[in-house]
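Have a look at the structure below, then the notes.
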Amino acid sequence: MQKTLGAALLLLSCTFGFTQQAKQIIIDTRNLALVFSIQPNKKVTQSYLGNKLMSGDYSKISGGGEIYPAAGMEYQFEPAIRMLHADQNPSLELQYVSSSGSRQENNVATTNIVLEDPVYGTEVILHYTSYYNEDVIKAWTEIINREKKAVELTEYASSFLHFNADEYWLTQFHGDWAREMQMVEEKLTNGIKNLESKLGTRTNFYQTLAFFLSLNRPSTETEGEVLAGTLAWTGNFKYTFEIDQRNTLNLRSGINSFASEYFLQPREVFTTPEFIFTFSDHGKGQASRNLHRWARKYGVLNGSEGRMTLLNNWESTGMKFNETRLVELFDEAKNLGVDLFLLDDGWFGNKYPRNDDKAGLGDWIEDSTKLPSGIGYLVKEAEARGIKFGIWLEPEMVNPKSQLYEQHPDWILKLPNRPENYGRNQLVLDLCNPKVEDFVFNTVDRLLTENPGLAFIKWDCNRSMTNQYSPYLKERQTHLFVDYTRAWYKVLQRIRSKYPKLPIMLCSGGGGRTDYGALKYFTEFWPSDNTDALERVYIQWGYSYFFPANTISSHVTDMGKQSLKFRTDVAMMDKLGYDIRVQNLSPGELEFSKEAVKTYKKVSNVIWFGDLYRIESPYESDRAVVMYVNENKSRAILFNYHLNTRRQDIFNRVKLQGLDPAKKYRFEEINLFPGTRSIQPDNDKLLSGDYLMKIGLNLSPGRTNPLTSNIYELTEEGARF
Ligand code: DGJ
1 MQKTLGAALL LLSCTFGFTQ QAKQIIIDTR NLALVFSIQP NKKVTQSYLG
51 NKLMSGDYSK ISGGGEIYPA AGMEYQFEPA IRMLHADQNP SLELQYVSSS
101 GSRQENNVAT TNIVLEDPVY GTEVILHYTS YYNEDVIKAW TEIINREKKA
151 VELTEYASSF LHFNADEYWL TQFHGDWARE MQMVEEKLTN GIKNLESKLG
201 TRTNFYQTLA FFLSLNRPST ETEGEVLAGT LAWTGNFKYT FEIDQRNTLN
251 LRSGINSFAS EYFLQPREVF TTPEFIFTFS DHGKGQASRN LHRWARKYGV
301 LNGSEGRMTL LNNWESTGMK FNETRLVELF DEAKNLGVDL FLLDDGWFGN
351 KYPRNDDKAG LGDWIEDSTK LPSGIGYLVK EAEARGIKFG IWLEPEMVNP
401 KSQLYEQHPD WILKLPNRPE NYGRNQLVLD LCNPKVEDFV FNTVDRLLTE
451 NPGLAFIKWD CNRSMTNQYS PYLKERQTHL FVDYTRAWYK VLQRIRSKYP
501 KLPIMLCSGG GGRTDYGALK YFTEFWPSDN TDALERVYIQ WGYSYFFPAN
551 TISSHVTDMG KQSLKFRTDV AMMDKLGYDI RVQNLSPGEL EFSKEAVKTY
601 KKVSNVIWFG DLYRIESPYE SDRAVVMYVN ENKSRAILFN YHLNTRRQDI
651 FNRVKLQGLD PAKKYRFEEI NLFPGTRSIQ PDNDKLLSGD YLMKIGLNLS
701 PGRTNPLTSN IYELTEEGAR F
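Position 412 of the sequence shown, counted from 1, bears residue number 412 in my numbering, the numbering being contiguous throughout.
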């Protein structure tokens, strides 16, 4: 390893990513530095995390907390790692052995730090991948058993970070079905605050695994020091924020070790999921933009590519449809001008037809009553109309009323000696069993090979785990939570090696799975079954902190009773889709919707790939304002939503952000309802970026009726799009 360090030093000195100066290891990006010091006792400590020093001279800072504190000896707080050796000894001492760096591409470098226990040989390798332009760092750990017998891991963090500030403010996002991403910010006090999930599948049902940690004071959109963090793991997670007696905050992130003691065989490597973080000294807005840029390039499948607009049938038909009705809906999709029709739940099951959520799950064969000509026919009928066809699946689950359940009762997670426990009348399959893994893969593979035109999948997961017991794991039940998620990733890897580009929407009864562990394999996610446009302003606002707009599926539906214009404007803020009966639209509404789809297609590149500026928060006002600005600042799209406004509300001018002060922009209201015209006083004017950002716009002229909205386009003078 020492040799690797020498080579890496030659390669990387004076560059970013990994540098070693005397007894320090410096991991940096364009604006950030994470500095570790190797202490005389061979402990490695974190001496600094924050904005990079222009001089690059960190030699005067040398102390700090251990980078991966182990339980069992002197350390008395929540540890990064705890284990029982083969002889049941619970101690661990991690000493520095070596460090090395490697470059994956110009913008990406990884630092590896090897630590070892002098008595038992336990090896821990800490990895930090830094993304220079995006100011994002990804940290994960490998733990290797060097003993002759199995050892037991009872704590195994992905990463451990220390902070020194006067105050710490945590912003978390909790929720429930149809109430995702409720934002709460609180001051942390001495002791421990955990954010966690123990739900197994549908893991983000109650708690999203992304957070902000603001230092010294709550950060705003534009000001303050803030860390944004999230974990690439679609399973139980836990973040522990512990403020010690010296007011240092220790942040442990990783898999939740609850009921998950993990036994490592000799030479076996336990690899943790990645903790992804960025740090901004310009508030949450910059942190989000860093994550969005990183996600599009590195975090999400096909993240820098376009997405399809679609018509889904879940809210308009539920499970009551047949072939004829679907073909009618294809005509509606075509008329609307979207790219794809997405057939939702209810298309399968013969012995136990899927007419409600009580039966059929697991039997992935077309219902011959509803769809006598099969999926292939539907694909062709859709294609004949110039649209693509996609389908809903929930392949990890089973209804007791299914042939799958009858044939493979041992493929299901359930306690052998207790009654079954249902969620939405269903049980979770035992993915730890390789036969189940094959079944799930084959379900998807068969559908795709038998129906080559199938162009989209919505992958659902409608329950969390209860009565967790794997018939396959036998005496290793504590591996269940971890192995389930790993097996799910294995299935997804198999699917992706055969179908690398196919768009797949991640869904879990709404936003029960929203993480970058899954998004490596998915192109977008379903944020919530709550599609009421007013609620969606808040839900989409919440997700926008951590995910780029092209991943956040937003459909126009009939759930909220707002005007079609408001519902459409809200859905256009992210990835536009529809779930309505187009046939029920009035002629004016249809004309509006068809134009809206066209407009969206013209401006979606700015929304999907531009930089997001959240200008006015719905949490602080009766209005929400967001804008996207493209990379060269020649074009921007501005969304303005009046929420439950009151007569007495006073709305100030809105100062835009992210524009080029020296450029002049044509400011124009778009997506107007037929027969209406803009009442915006500055509509169609040429305004400088400087003016727009310093003086701003009156976005609420006249009476601001509740639940009204506007979309504006700003185009650089002379530019053509
Ligand atoms: C839950 C999803 O969130 C919905 O969009 C829909 O697909 C249903 N499941 C179907 O059962």
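Here a beta-carbon is modelled for each residue, glycine too, at the ideal position from N, C-alpha and C.
Identify, in the order they occur along the chain, each residue of the same chain with its Cβ nearer than 8 Å to the Cβ of residue 617, setting aside the five sequence neighbours on each side.
Correct list, in chain order: 221, 541 and 624.
According to DSSP, is residue 214 part of a helix, a strand, or is it coil?
Here residue 214 sits in strand by DSSP.
Could you give the first and the last residue of the continuous alpha helix (DSSP H) run that contains residue 292?
For residue 292, the enclosing alpha helix (DSSP H) covers residues 283-294.
Is residue 279 closer than 8 Å to residue 256 when the C-beta atoms are compared?
The answer is no: Cβ separation not under 8 Å.
Residues in its own chain within less than 7 Å of residue 394 by CB, not counting five upstream and five downstream?
Closer than 7 Å at Cβ, skipping near neighbours: 361, 460, 461 and 462.
Give a single yes or no on whether residue 507 has its beta carbon closer than 7 Å to a heavy atom of ligand 1.
Between ligand 1 and the CB of residue 507, the shortest heavy atom gap is smaller than 7 Å.
For a minimum of 3 consecutive residues, which ranges assigned as the beta strand (DSSP E) are wholly contained in the region 521-579?
Runs found: 553-557 and 575-579.
Counting only beta-carbon separations shorter than 8 Å, does residue 436 have a partner in chain C?
Of the protein chains in the structure, only one exists, and it is not chain C.
Under a three-way DSSP split, which group does residue 168 fall into?
Strand.
Are residue 219 and residue 580 touching if we call contact CB-CB under 8 Å?
Not closer than 8 Å, so no.
Mind listing, in chain order, the continuous alpha helix (DSSP H) runs of no fewer than 4 residues lying wholly within the region 251-281?
Taken in chain order, the complete alpha helix (DSSP H) segments of 4 or more residues contained in the region 251-281 number zero; there are none.
Would you report the Cα separation of residue 478 and residue 260, rounded to the nearest angstrom?
Roughly 4 Å between the two C-alpha positions.
Just the Cα atoms here: how many angstroms apart are residue 19 and residue 686?
Near 49 Å, if we compare the C-alpha coordinates of residue 686 and residue 19.
Less than 7 Å separating the Cβ of residue 530 from some heavy atom of ligand 1?
Residue 530: no, Cβ never under 7 Å from ligand 1.
Any heavy atom of ligand 1 inside 7 Å of the beta-carbon of residue 345?
Between ligand 1 and residue 345, a heavy atom-to-CB distance of less than 7 Å is present.
Close-in-space but distant-in-sequence residues of the same chain around residue 31 (CB under 7 Å, 5 per side omitted):
Excluding sequence positions up to five before and after residue 31, its CB lies within less than 7 Å of the CB of 51, 52 and 135, all in the same chain and listed in chain order.
Please check the pair residue 352 and residue 363, which I expect to be a contact at CB under 8 Å, by giving their CB distance rounded to whole angstroms.
Rounded to whole angstroms, the Cβ separation of residue 352 and residue 363 is 7 Å, and the two are in contact under 8 Å.
When you compare the CB positions of residue 548 and residue 296, do they come within less than 8 Å of one another, or not?
Yes, they are a contact pair.
Just checking, does the region 171-187 make contact with the region 510-530 on the three C-beta pairs under 8 Å criterion?
Touching, per the Cβ criterion.
Boundaries (first-last residue) of the beta strand (DSSP E) holding residue 380
For residue 380, there is no enclosing beta strand (DSSP E); the residue is found in the alpha helix (DSSP H) stretching over 374-384.
Roughly how many whole angstroms lie between the Cα atoms of residue 628 and residue 719?
In this structure, the alpha-carbon of residue 628 lies about 17 Å from that of residue 719.
Bounding residues of the beta strand (DSSP E) (the contiguous stretch that carries residue 639)
635-642 is the extent of the beta strand (DSSP E) around residue 639.
With a Cβ-Cβ cutoff of 8 Å, do residue 484 and residue 200 count as a contact?
Note that the C-beta distance between residue 484 and residue 200 is below 8 Å.
Would residue 79 be called buried (16 or more neighbouring beta carbons within 10 Å of its own) or exposed?
Residue environment: residue 79 is assigned as buried (16 or more neighbouring CB atoms within 10 Å of its CB, all protein chains considered).
Report the option in 438, 388 and 359 whose CA atom is closest to the CA atom of residue 427.
For the residues 438, 388 and 359, the minimum Cα distance to residue 427 belongs to 359.
Quick check: the Cα distance between residue 750 and residue 457, rounded to an integer number of angstroms?
Since the first residue shown for the chain is 1 and the last is 721, residue 750 is missing from the structure and cannot be characterised.
Relative to the C-alpha of residue 582, which residue among 560, 556, 606 and 604 is closest?
Nearest C-alpha to residue 582 among 560, 556, 606 and 604: 556.
Could you tell me if residue 170 is buried or exposed, where buried requires 16 or more neighbouring beta carbons within 10 angstroms of its beta carbon?
In this structure residue 170 is buried. Its beta-carbon is surrounded by 16 or more other beta-carbon atoms within 10 angstroms.
Taking contact to mean at least 3 C-beta pairs separated by less than 8 Å, is the region 93-112 in contact with the region 34-45?
Yes: at least three Cβ pairs fall under 8 Å.
Meets three-Cβ-pair contact criterion under 8 Å: the region 708-719 and the region 559-575
The region 708-719, when compared against the region 559-575, does touch it at the 8 Å Cβ threshold.
Hey, would you say residue 391 sits closer than 8 Å to residue 347, going by beta carbons?
Contact flag set, yes.
When you measure from the CB of residue 390 to every non-hydrogen atom of ligand 1, does any distance come out below 7 Å?
Residue 390 Cβ: outside cutoff for every heavy atom of ligand 1.
Cβ contact check for the region 190-198 and the region 222-242: 3 or more pairs under 8 Å:
Note that the region 190-198 touches the region 222-242; at least 3 beta-carbon pairs, one per stretch, sit closer than 8 Å.
For my contact list, residue 570 and residue 619 are in at a C-beta cut-off of 8 Å; report their separation, rounded to the angstrom.
In fact, because the Cβ distance is near 16 Å, the residues do not count as touching under 8 Å.
Residue 631 to residue 715, Cα distance in whole Å?
Here the alpha carbon of residue 631 sits roughly 13 Å from the alpha carbon of residue 715.
Quick one: is the Cβ of residue 459 within less than 7 Å of any heavy atom of ligand 1?
Look at residue 459: its beta carbon is at least 7 Å from all of the heavy atoms in ligand 1.
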